[in-house]
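>
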Amino acid sequence: MHKGATDSSKSVLLDYISPIPPISLYRSILNRHWAVACSLLDFVILKGVMVASSLFLIATPVELSDQRQISFRAAFNEFNLWKFVESRDPSNWGTIENNYDHGTAYNVPSNPIYSYIARLNGANQDLNRTQNGLTFQTLKVDEQLENVTSLSAVVTTFVPNVTCERADIEFHNNSTTPVSIHSSSCFLESDFDIPWFDSQCQASGVCLQYDIRRANCTRVNNDKPASPFLTYLNQTTQDLRFSLRMVSYKNTSSGLTLLKSPATICKVDYNLQQAKLVQDLSQNRVSLTLPDALVSNSRFQNLTGIELGEMLFAALNGITGDIDPNFAGVGVISILPLMVFAKWIGRSLQTLLEQENMSRAAKAVFEGLASQLAQQFIPVPSQQTEEGSCVHVATRLRVQPPSLWVMFAGFVVLPNYSIPDTTLRTSIPSSTKKPWVNCL
Numbered sequence: 021m022h023k024g025a026t027d028s029s030k031s032v033l034l035d036y037i038s039p040i041p042p043i044s045l046y047r048s049i050l051n052r053h054w055a056v057a058c059s060l061l062d063f064v065i066l067k068g069v070m071v072a073s074s075l076f077l078i079a080t081p082v083e084l085s086d087q088r089q090i091s092f093r094a095a096f097n098e099f100n101l102w103k104f105v106e107s108r109d110p111s112n113w114g115t116i117e118n119n120y121d122h123g124t125a126y127n128v129p130s131n132p133i134y135s136y137i138a139r140l141n142g143a144n145q146d147l148n149r150t151q152n153g154l155t156f157q158t159l160k161v162d163e164q165l166e167n168v169t170s171l172s173a174v175v176t177t178f179v180p181n182v183t184c185e186r187a188d189i190e191f192h193n194n195s196t197t198p199v200s201i202h203s204s205s206c207f208l209e210s211d212f213d214i215p216w217f218d219s220q221c222q223a224s225g226v227c228l229q230y231d232i233r234r235a236n237c238t239r240v241n242n243d244k245p246a247s248p249f250l251t252y253l254n255q256t257t258q259d260l261r262f263s264l265r266m267v268s269y270k271n272t273s274s275g276l277t278l279l280k281s282p283a284t285i286c287k288v289d290y291n292l293q294q295a296k297l298v299q300d301l302s303q304n305r306v307s308l309t310l311p312d313a314l315v316s317n318s319r320f321q322n323l324t325g326i327e328l329g330e331m332l333f334a335a336l337n338g339i340t341g342d343i344d345p346n347f348a349g350v351g352v353i354s355i356l357p358l359m360v361f362a363k364w365i366g367r368s369l370q371t372l373l374e375q376e377n378m379s380r381a382a383k384a385v386f387e388g389l390a391s392q393l394a395q396q397f398i399p400v401p402s403q404q405t406e407e408g409s410c411v412h413v414a415t416r417l418r419v420q421p422p423s424l425w426v427m428f429a430g431f432v433v434l435p436n437y438s439i440p441d442t443t444l445r446t447s448i449p450s451s452t453k454k455p456w457v458n459c460l
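Heads up, the sequence shown is in my numbering, so the first residue is 21 and it goes up one at a time.
(1) Can you tell which of Lys383, Asn317, Leu228 and Phe333 has the C-alpha that lies nearest to the C-alpha of Thr277?
(2) Val168 lies in the beta strand (DSSP E); which residues open and close that run?
(3) Determine whether the beta carbon atoms of Ala335 and Ser130 lie at a separation below 7 Å.
(4) With Ser17 and Leu208 assumed to form a contact (beta carbons below 8 Å), what rounded beta-carbon distance in angstroms separates them?
(5) Between Asn100 and the rest of its own chain, which residues show a CB-CB distance below 7 Å, the 5 nearest in sequence each way excluded?
(6) When burial is assigned at 16 or more other CB atoms within 10 Å of the CB, is Thr309 buried or exposed?
(7) On the CB-based measure, 16 or more other CB atoms within 10 Å of its CB, does Trp54 come out buried or exposed?
(8) Taking the CB atoms as reference points, tell me whether Ala384 and Pro180 lie closer together than 7 Å.
(9) Tell me, which residues are paired with Val201 by DSSP?
(10) For Pro357, count neighbouring C-beta atoms within 10 Å of its own C-beta (all shown protein chains included) and say buried if the count is 16 or more, exposed if not.
(11) Going by Cα to Cα distance, which pick from Ile326, Gln299 and Asn291 is closest to Ala313?
(12) Can you tell me whether DSSP reads Ala79 as helix, strand or coil?
(13) For Gln89, which residues in the same chain have their Cβ closer than 8 Å to its Cβ, ignoring the five residues on either side in sequence?
(14) Is the beta carbon of Thr155 less than 7 Å from the beta carbon of Ala394?
(15) Among the residues of its own chain, which have a CB less than 8 Å from the CB of Pro311, if the five just before and after it don't count?
(16) Does DSSP classify Ile232 as helix, strand or coil?
(17) How far does the beta strand (DSSP E) with Ile285 in it extend, from its first residue to its last?
(18) Compare the C-alpha of Asn127 against each of Ile326, Met331 and Asn377 and name the closest.
(19) Measure the alpha-carbon distance for Gly325 versus Phe191 and round it to whole angstroms.
(20) What is the DSSP secondary structure of Ser274, reduced to helix, strand or coil?
(21) Just to confirm, is the Cβ distance from Ser368 to Ala94 under 7 Å?
(22) Where does the unbroken alpha helix (DSSP H) through Ala223 begin, and where does it stop?
(23) One question on the structure: do Val298 and Ser203 come within less than 7 Å of each other, judged by their Cβ atoms?
(24) Round the Cβ separation of Leu279 and Glu98 to the nearest angstrom and send it over; I've been treating them as touching at under 8 Å.
(25) For Asn127, which of helix, strand or coil comes out of DSSP?
(26) With DSSP as the reference, please indicate the residues paired to Phe156 in a beta bridge.
(27) Let me check one thing: in DSSP terms, what residues is Glu407 bridge-paired to?
(28) So what's Ser307 in DSSP terms, helix, strand or just coil?
(29) With C-beta atoms as the reference, is His412 less than 7 Å away from Asn152?
(30) With a threshold of 16 other CB atoms inside 10 Å of the CB of Gly349, please say whether the residue is buried or exposed.
(31) At what residue ranges does the segment 363-393 contain a whole run of the beta strand (DSSP E), taking only runs of 3 or more?
(32) Please state whether the Cβ-Cβ distance between Phe386 and Cys237 is less than 7 Å.
(33) Going by DSSP in three states, Arg418 sits in which element: helix, strand or coil?
(34) Could you check whether Leu417 and Leu77 sit closer than 7 Å to each other, using their CB atoms as the reference points?
(35) Within 10 angstroms of its Cβ, does Ser48 collect 16 or more other Cβ (buried), or is it exposed?
(36) For Cys95, name the three-state secondary structure that DSSP assigns.
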């Protein structure tokens with residue numbers, strides 16, 4: 021081989037290949053082994069292509085998701101609510117009557133009511149704990165994790181469950197029970213006739229009378245029970261609700277002319293649901309997804325739906341008519357003025373004379389107040405952890421399209437081109453004056 025070109029059938033042309041490609045290329049050219057030189061040149065070019073393609077690699081931030089233990093900021097504890105609620109002396113409110121007992125069994129702070137009013141007036145709600153009227157647990161970012169963009173886990177959600185039925189009012193010429201109210205599932209008889217407690221009279225002489233009263237819809241022992249009212253609050257067998265009534269009438273020379281008399285009977289309850297929470301830290305927002313099939317009758321062990329309703333009733337009775345200047349002097353029972361703040365209702369009590377408006381607004385107000393009460397008093401600091409998903413940002417090298425195409429062309433074309441030149445041949449190079457012919 022040192023003497024020049026030889027018959028390829030009598031020698032192995034790759035015997036002198038060096039680990040250093042330029043040296044091998046030099047030796048093959050020196051010995052005029054043009055096929056080997058072309059093959060080596062192909063691989064040198066291929067390596068150059070690979071090096072050149074790496075120049076197109078850039079550092080790109082990517083989002084990576086992994087499963088880990090997620091910490092909660094708070095846990096739900098109904099005992100914390102009871103710390104803010106005091107039972108009143110039974111002698112101050114007596115026992116429940118058929119559908120009315122104006123006294124309250126609890127002393128409840130009024131600040132949840134004012135917080136709810138502020139929210140209805142456009143104040144920003146705490147999106148980290150409340151969304152669409154639902155109160156839920158929130159997640160805490162582990163300080164050891166860097167560049168976290170979102171967290172997701174299954175959380176406990178407080179879901180108010182209020183049903184309001186349309187009811188009809190009937191007036192009787194009976195001094196004992198002059199008024200009766202009935203809905204599809206409840207019948208009430210009242211010993212209170214018009215006028216009721218709260219009223220608004222216009223210059224035209226048309227007056228509005230309204231009130232809210234407890235309603236015993238158990239249909240058994242509907243007269244005045246001797247048991248203390250707190251006993252009823254702790255019994256889940258009792259069907260205690262609230263009746264909201266409104267009457268529009270006009271005093272004329274011939275007497276009282278009744279115009280409209282809508283009513284609704286509402287039952288206050290709640291459920292604890294497991295929902296998926298996604299907490300987007302980059303945009304400071306949360307997304308809560310409830311399951312399609314909600315679990316019913318999942319509650320705290322020490323808080324019944326009846327007790328929750330009674331707390332709302334007590335809080336409302338502690339509010340005077342100063343919730344809005346438009347309703348100044350309308351009385352102490354404030355749920356009717358609150359109802360007109362619902363966005364789909366105009367800011368006038370007249371709108372509640374429509375039956376559907378009254379039922380929808382009553383449901384919205386009871387659920388809003390229940391959610392506000394839960395948000396302020398039920399969550400407590402917690403060290404609870406659950407398995408969840410954590411999305412964080414990391415830097416990775418990404419291949420750009422030009423780099424990918426250059427590498428693809430180099431790997432496909434050049435090796436296939438050089439393979440025929442490295443096979444053993446039975447002939448010697450045909451041309452020593454034009455070496456490039458041997459590469460074809």
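Each residue gets a CB set at the ideal place from its N, CA and C atoms; glycine is no exception. Since the structure is predicted, the reported quantities are computational estimates derived from the model, not experimental observations.
On the basis of the coordinates in this document:
(1) Scanning Lys383, Asn317, Leu228 and Phe333 for the CA closest to the CA of Thr277 turns up Leu228.
(2) Unbroken beta strand (DSSP E) run through Val168: Val168 to Phe191.
(3) In contact: Ala335 and Ser130 (Cβ atoms closer than 7 Å).
(4) Any answer about residue 17 is impossible in this case: the structure gives the chain only from 21 up to 460.
(5) Apart from sequence neighbours up to five positions away, the residues of its chain that approach Asn100 with a beta-carbon distance below 7 Å are Phe397, Ile398 and Val400, ordered along the chain.
(6) Result: exposed.
(7) Counting Cβ neighbours within 10 Å, Trp54 comes out buried, since at least 16 surround it.
(8) Contact flag unset, no.
(9) Reading the sequence as shown, one finds Ile at residue 201 and not Val. Residue pairing by DSSP places Ile201 opposite Ile189 and Leu208 in a beta bridge.
(10) So Pro357 counts as buried.
(11) It is Asn291.
(12) Ala79 falls in the strand class under three-state DSSP.
(13) Result list for Gln89: Thr405, Glu406, Glu407 and Gly408, in chain order.
(14) With respect to the 7 Å criterion, Thr155 and Ala394 are classified as neighbours on the basis of their beta carbons.
(15) Hits under 8 Å: Gln293, Gln294 and Ala295.
(16) Three-state result, Ile232: strand.
(17) Element bounds for Ile285: Pro282 to Asp300.
(18) Of the candidates Ile326, Met331 and Asn377, Met331 places its Cα closest to the Cα of Asn127.
(19) Within the model, the alpha-carbon separation for Gly325 versus Phe191 is close to 31 Å.
(20) DSSP places Ser274 in the coil class of the three-state scheme, outside both helix and strand.
(21) Contact flag unset, no.
(22) Here Ala223 belongs to no alpha helix (DSSP H), and DSSP marks it neither H nor E.
(23) Not in contact: Val298 and Ser203 (Cβ atoms no closer than 7 Å).
(24) Their Cβ separation, rounded to whole angstroms, is 44 Å, which puts Leu279 and Glu98 out of contact at 8 Å.
(25) Strand.
(26) DSSP output for Phe156 lists Thr177 as bridge partner(s).
(27) Looking at the DSSP assignment, Glu407 forms a beta bridge with Gln89.
(28) Of the three classes helix, strand and coil, the one that applies to Ser307 here is strand, per DSSP.
(29) Judged by their CB atoms, His412 and Asn152 are not nearer to each other than the 7 Å cut-off.
(30) Because Gly349 sits at a pLDDT of 45, beneath the cut-off of 50, its placement in the model cannot be relied upon, and the following sentence gives the value as read from the coordinates. Exposed, by the Cβ-count rule.
(31) With a minimum length of 3 residues, no continuous beta strand (DSSP E) run stays inside the segment 363-393.
(32) Contact flag unset, no.
(33) In the structure shown, Arg418 sits in a strand (DSSP, three-state: E or B).
(34) For Leu77 and Leu417, yes; Cβs fall inside 7 Å.
(35) Flag for Ser48 reads buried.
(36) Residue identity differs from the one stated: residue 95 is Ala in this sequence, not Cys. It is a strand residue.
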